[in-house]
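Numbering (the working numbering), first residue to last: 12 to 244.
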């Protein structure tokens, strides 16, 4: 299941950043302002790496090329013997050197693979073969003892039973008025003095319609008329 990235980034994160920035500006200047945020702008802003290549060389990156798109063996996902996957992000020299030794290839350690080198593709193919020789757990048991910048690619079931996810309270349970106890994703920002929490479930369709309209000055008879006309329910 993919994410609606434009909604989450522009409609969510950037909207919050814009509102908070405007509030800070108002505190300093005493003047409010209109904050204009478009989902198009939000998505375009997430293209700095690809845009830099396009502006500099006039090329659009293709899958399997360039350092962050599968072009390097040290920034890649690899399948293990049990059909699961590991994500490798060993771009820095120290990570690559440690990973090379764990893989039984100390001769790779002194030189990080670069784009366009013949050995780069050869190393990628060899790493693909090596990772298939053990299960994900067997690899993690070895890799987690070293500073290799490698992690498991989790399923959702594995994610929400992961000890670190649970320790960070990124899975919480709250009471729903109709469904009873339900699970929700936790609050990702941890404050030392004013900790956030998930207090209520998402509202049902139209749950707060009357409350909002009353706050806007609608009288009970107005609400009754709107309901009769099918405007609200």
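Where a beta carbon is used, it is the ideal one built from N, C-alpha and C, also for glycine.
Under the three-state DSSP convention, the category residue 201 falls into: Within the chain shown, the letter at position 190 stands for residue 201. Here DSSP, grouped into helix, strand and coil, assigns residue 201 to coil.
Whole alpha helix (DSSP H) elements within the stretch 163–239, 4-residue minimum: 167–170, 174–178, 220–226, 231–239
Contact set for residue 185: own chain, Cβ-Cβ below 8 Å, skip 5 residues either direction: Here residue 185 refers to the residue found at position 174 of the chain shown. Counting only Cβ-Cβ distances below 8 Å, and skipping sequence neighbours, we find 192, 193, 195, 209, 210, 211, 212.
The stretch 43–54 touching the stretch 15–31, judged by at least three CB pairs closer than 8 Å: The answer is yes - the stretch 15–31 touches the stretch 43–54, with three or more Cβ pairs under 8 Å.
8 Å Cβ cutoff met for residue 79 and residue 86: Counting from 1 along the chain shown, the entry for residue 79 is found at position 68. Counting from 1 along the chain shown, the entry for residue 86 is found at position 75. In this structure, residue 86 lies closer than 8 Å to residue 79 by Cβ.
Buried or exposed (CB count within 10 angstroms, at least 16 for buried), residue 242: One-based indexing of the chain shown puts residue 242 at position 231. By the neighbour-count rule (16 or more Cβ atoms within 10 Å), residue 242 is not buried but exposed.
Distance CB(residue 158)-CB(residue 105) smaller than 8 Å: For the purposes of this step, residue 158 is taken as the residue at position 147 of the chain shown. For the purposes of this step, residue 105 is taken as the residue at position 94 of the chain shown. It is a contact, given that the beta carbons lie within the stated cut-off.
Simplified DSSP assignment, three categories, for residue 87: Start at 1 with the first residue of the chain shown, and residue 87 comes out as number 76. Strand.
Residue 102: first and last residue of the uninterrupted beta strand (DSSP E) it sits in: Taking the first residue of the chain shown as 1, we reach residue 102 at position 91. Counting along the chain, no beta strand (DSSP E) covers residue 102, and no H or E run does either.
As assigned by DSSP and simplified to three states, the class of residue 154: In the chain shown, the residue the question calls residue 154 occupies position 143. Reduced to three states, the DSSP call for residue 154 is helix.
Pair within 8 Å by beta-carbon distance, residue 84 and residue 156: Locating residue 84 in the chain shown gives position 73, counting from the first residue. Locating residue 156 in the chain shown gives position 145, counting from the first residue. No; because the gap between Cβ atoms is not below 8 Å, this pair is not in contact.
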